[in-house]
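Asker:
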Amino acid sequence: MSFSVTDPSRAIKWVAGALVVGYAVITLIPLLWIIATGFKSPSDSISYPPVVAFEPTLEGYVNLFTDRTRATEKMLEEAGPPTTWYEEITRERGTVISGPSRYGERFLNSVIIGFGSTALCMILGTMAAYAFSRFKVPLKDDLLFFILSTRMMPPIAVAIPIFLMFRNLGLNDTHLGMILLYTAVNLSLSVWLLKGFIDEIPIEYEEAALIDGYTRFQAFYKVVLPQAATGIASTAIFCLIFAWNEYAFAVLLTSGTAQTAPPFIPTIIGTSGKDWPAVAAGATIFLVPVMVFTIMLRKHLLRGITFGAVRK
Amino acid sequence: MTESPIDKVAVKTPNGVARHIKGLSDRTIAWIFVAPTIFLLLAVNIFPLIWTIRLSFTNFRVNRPNNDVEWVGFRNYERILSDPDVWATMQATAHFLIWTIVLQVLIGFTLAYLINKKFKGNDMWTTIIVFPMMLSPAVVGNFWTFLYQPQIGLFNYAVTFFTGGDPADFSMIGDVHLAPWAIVIADTWMWTPFVMLICLAGLRSIPDSIYEAAECDRASKWRQFWTITIPMVLPFLMLAVLFRGIENFKMFDLVVQLTGGGPGNTTTLSSIDLKREAFEKWRTGYSSAYAVILFVTVFGLASIYVKALNKVKER
Chain A
1 MSFSVTDPSR AIKWVAGALV VGYAVITLIP LLWIIATGFK SPSDSISYPP VVAFEPTLEG
61 YVNLFTDRTR ATEKMLEEAG PPTTWYEEIT RERGTVISGP SRYGERFLNS VIIGFGSTAL
121 CMILGTMAAY AFSRFKVPLK DDLLFFILST RMMPPIAVAI PIFLMFRNLG LNDTHLGMIL
181 LYTAVNLSLS VWLLKGFIDE IPIEYEEAAL IDGYTRFQAF YKVVLPQAAT GIASTAIFCL
241 IFAWNEYAFA VLLTSGTAQT APPFIPTIIG TSGKDWPAVA AGATIFLVPV MVFTIMLRKH
301 LLRGITFGAV RK
Chain B
313 MTESPIDKVA VKTPNGVARH IKGLSDRTIA WIFVAPTIFL LLAVNIFPLI WTIRLSFTNF
373 RVNRPNNDVE WVGFRNYERI LSDPDVWATM QATAHFLIWT IVLQVLIGFT LAYLINKKFK
433 GNDMWTTIIV FPMMLSPAVV GNFWTFLYQP QIGLFNYAVT FFTGGDPADF SMIGDVHLAP
493 WAIVIADTWM WTPFVMLICL AGLRSIPDSI YEAAECDRAS KWRQFWTITI PMVLPFLMLA
553 VLFRGIENFK MFDLVVQLTG GGPGNTTTLS SIDLKREAFE KWRTGYSSAY AVILFVTVFG
613 LASIYVKALN KVKER
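Chains as they are written, first to last, in our numbering: chain A, 1 to 312; chain B, 313 to 627.
(1) From threonine 284 of chain A to isoleucine 35 of chain A, what distance separates their C-alpha atoms?
(2) So valine 346 of chain B and alanine 131 of chain A are in contact, right, with Cβ under 8 Å, and what is the actual spacing, rounded?
(3) Give the range of the alpha helix (DSSP H) segment to which threonine 500 of chain B is assigned.
(4) From the beta carbon of methionine 178 of chain A, is the nearest beta carbon of chain B less than 8 Å away?
(5) If you measure from the beta carbon of tryptophan 85 of chain A to each beta carbon in chain B, is any gap under 8 Å?
(6) Inspect the beta-carbon positions of glutamate 589 of chain B and tyrosine 598 of chain B and report whether they are closer than 8 Å.
(7) Could one say the Cβ of methionine 127 of chain A lies closer than 8 Å to chain B's Cβ atoms, at least one of them?
(8) Determine the chain B residues that contact tryptophan 276 of chain A at a beta-carbon separation under 8 Å, and present them in chain order.
(9) Where does the unbroken beta strand (DSSP E) through valine 96 of chain A begin, and where does it stop?
(10) Within a Cβ cutoff of 8 Å, which residues of the same chain sit near threonine 472 of chain B, ignoring the five residues on either side of it in sequence?
(11) State the start and end residues of the unbroken alpha helix (DSSP H) segment that holds threonine 183 of chain A.
(12) Are the CB atoms of threonine 580 of chain B and alanine 491 of chain B nearer to each other than 8 Å?
(13) Take threonine 370 of chain B and list the residues in its own chain whose beta-carbon comes closer than 7 Å to its own, dropping the five residues that flank it on each side.
(14) If I measure Cβ to Cβ from alanine 620 of chain B and keep anything under 8 Å in the same chain, skipping five residues before and after, which residues do I get?
(15) Under 8 Å, Cβ to Cβ, is there at least one residue of chain A near isoleucine 333 of chain B?
(16) For chain A, find out if any of its Cβ atoms is closer than 8 Å to the Cβ of methionine 446 of chain B; answer yes or no.
(17) Take glycine 574 of chain B and list the residues in its own chain whose beta-carbon comes closer than 6 Å to its own, dropping the five residues that flank it on each side.
(18) Can you tell which of B:Ile584, B:Ser448, B:Ile497, B:Gly514 has the C-alpha that lies nearest to the C-alpha of proline 263 of chain A?
(19) Can you tell me whether arginine 216 of chain A is helix, strand or coil according to DSSP?
(20) By DSSP, does threonine 66 of chain A sit in helix, in strand, or in coil?
(21) For leucine 225 of chain A, which residues in chain B fall below 9 Å Cβ to Cβ?
(22) Nearest CA to the CA of arginine 106 of chain A: which residue from A:Tyr247, A:Lys195, A:Ser41?
(23) Once you ignore the five residues that flank glutamine 536 of chain B on each side, which residues in its own chain have a CB closer than 7 Å to its CB?
(24) By DSSP's criteria, tryptophan 383 of chain B is part of a beta bridge. Which residues make up the other side?
(25) Locate the alpha helix (DSSP H) running through tyrosine 86 of chain A, then write down its first and last residues.
(26) Please work out which residues of its chain come closer than 6 Å, Cβ to Cβ, to phenylalanine 372 of chain B, disregarding the five sequence neighbours upstream and downstream, and give them in chain order.
(27) Excluding the 5 residues flanking phenylalanine 242 of chain A on each side, which residues of the same chain have their C-beta closer than 6 Å to its C-beta?
(28) Counting contacts by CB-CB distance shorter than 8 Å, is threonine 235 of chain A in contact with chain B?
(29) Beta-carbon separation of proline 360 of chain B and proline 154 of chain A under 8 Å?
(30) If I follow the unbroken alpha helix (DSSP H) through aspartate 44 of chain A, where does it start and stop?
(31) Smallest Cα separation from methionine 508 of chain B: which of A:Ala11, A:Met296, A:Val20, A:Ser9?
(32) Starting from arginine 303 of chain A, follow the alpha helix (DSSP H) in both directions and report where the run begins and ends.
(33) By DSSP, does glutamine 259 of chain A sit in helix, in strand, or in coil?
(34) Could you list which residues in chain A have their beta carbon closer than 8 Å to that of asparagine 357 of chain B, in chain order?
(35) For isoleucine 542 of chain B versus valine 610 of chain B, is the C-beta spacing smaller than 8 Å?
Here is the structure:
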């Protein structure tokens with residue numbers, strides 16, 4: 001290892017490391033608490049003082065995915081002994097499962113709308129970014145600024161006319177409507193990020209391909225797209241995360257068929273007061289994929305959150 | 313691009329061959345590629361915005377479509393700007409905006425500074441710290457209400473444990489004085505990593521040679537910090553503040569789940585107030601004017617700020 005006057009001493013490194021780790025641990029506590037609460041029984045979840053060591057149970061997850069009714073003795077006789085592990089859990093509380101809850105549907109809606117809008121956003125975004133990067137587009141800077149400025153609008157401010165427009169077009173509370181809306185919201189991000197990634201690919205590659213007899217389109221999808229694959233993938237994950245997390249439009253424009261998970265999770269109610277383990281279980285299932293994506297994205301995080309303004 | 317070798321070749325070759333080589337002209341391709349994006353943004357952003365502006369001069373109400381729509385001029389704007397309740401929400405927004413930015417800048421910069429000391433495993437810890445900001449604000453906000461619950465909440469327990477207060481008397485989101493701070497704390501928890509990441513990029517962009525030169529000139533560490541580190545990170549820090557400012561001015565999801573605007577109206581930020589006017593009271597014309605005012609404010613403030621940012625960058 002080379003010695004440098006600017007390299008901090010070992011003691012300083014140790015202190016800095018300890019402080020950062022301390023912050024990281026404190027910041028992780030709420031997240032770990034969410035995950036832990038998902039495995040608690042309802043009484044453990046609201047005990048005072050809060051319990052750290054508890055007997056884990058899957059009751060929260062079972063409650064999350066099922067609707068239950070209080071069982072009368074007659075119902076219990078008819079239903080016979082519990083046949084599955086999750087029925088056993090609900091029987092202990094004196095309830096029987098009356099059917100699946102709506103969480104599965106809501107989660108599936110999140111997946112459909114998230115992936116649908118991401119796919120559309122990537123197709124449109126890559127094309128526009130390529131054109132902005134390689135061609136002389138009239139009013140290029142103005143158009144790019146216009147695209148960025150759409151992000152500044154408070155969602156509630158445009159929600160009223162979008163609500164009216166969607167109602168007239170029959171798009172209210174439909175998957176297609178939400179996909180189009182989220183695509184429009186994310187386009188600014190995808191165009192700006194992808195333009196940065198494509199700018200970094202040397203133009204000579206395409207020129208070589210054109211001289212070899214490729215058409216522009218061939219050069220685009222046989223040369224540029226493979227080169228930009230990493231950039232496209234990380235941009236896609238960013239779009240997916242934003243669509244996945246979005247709440248304001250979802251709560252205003254969807255109520256039944258196309259409602260996503262974020263507006264639904266807070267409405268999970270138990271038999272007496274809020275069923276916190278079920279809420280926590282729902283949140284855990286919803287948040288963990290994003291954490292995995294964050295780890296995958298770690299090299300491009302900065303670029304993504306600043307719309308490509310800061311590139312390391 | 314127009315004068316690339318391929319173009320010259322294409323001009324000289326017979327028409328059919330040229331078409332085979334080039335396919336569509338660059339100009340056509342550019343339009344085909346850009347048009348769908350622009351069209352979608354016009355349809356979903358600009359068209360609704362113009363519609364909002366038009367509605368803001370009327371007394372239209374969505375829930376009474378059969379009423380006559382009257383043109384009321386600037387009356388909606390006058391009513392909003394002279395309403396003390398609206399100014400109270402503006403104040404709540406300003407309190408939230410200023411304190412979240414102050415706390416996030418202080419903590420975020422400190423963390424970035426410490427991480428930049430390059431201790432072992434700093435990459436891993438950076439990724440861990442970043443988790444909160446990637447999560448769904450609505451789900452996180454909902455869960456913070458659990459942490460803030462009187463008696464059973466973890467946050468509540470920690471505070472009363474250290475202060476020795478009575479846990480039953482202490483409630484973060486039920487108290488008019490503490491609730492504005494409850495949302496500041498949750499937002500700071502969530503978004504400090506954002507400021508940290510940008511500051512870290514700024515710190516890493518400073519070449520070692522500058523510090524080495526300063527060492528040779530016997531500048532103290534303190535002096536190096538104020539004359540090298542801070543000025544060179546400032547453009548990055550200002551960019552982070554811009555992003556956080558715009559985002560928190562629009563803040564809706566986290567706070568509406570956390571406190572719902574209460575107790576009273578103490579945490580009713582502008583966006584939450586706007587949502588109530590538009591989607592609960594259905595005063596469409598009035599809330600459109602409200603939306604225009606908010607949009608003009610955020611756009612105006614952001615433009616002034618960007619000018620200042622560019623000045624700092626030029627230095």
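Note that CB positions come from ideal geometry on N, CA and C, so glycine has one too.
Since we're looking at a predicted model, the values are computed, not measured.
Answerer: Short version:
(1) 6 Å
(2) 5 Å
(3) 491 to 516
(4) no
(5) no
(6) yes
(7) yes
(8) Phe458
(9) 95 to 100
(10) Asp478, Pro479, Phe482
(11) 175 to 199
(12) no
(13) Val381, Glu382, Trp383, Val384, Gly597
(14) Met550
(15) Confidence at isoleucine 333 of chain B is low in this model, with a pLDDT of 48, below 50, so the placement of that residue is unreliable and no value is reported for it.
(16) yes
(17) none
(18) B:Ser448
(19) helix
(20) strand
(21) Ordered by position in chain B, no residue passes the 9 Å Cβ test against leucine 225 of chain A, which lies about 13 Å from the chain.
(22) A:Tyr247
(23) Tyr523, Ala526
(24) B:Thr370
(25) 85 to 92
(26) Val381, Thr596, Gly597
(27) Asn186
(28) no
(29) no
(30) 42 to 45
(31) A:Val20
(32) 301 to 305
(33) coil
(34) Thr150, Met153, Val158, Ala184
(35) no
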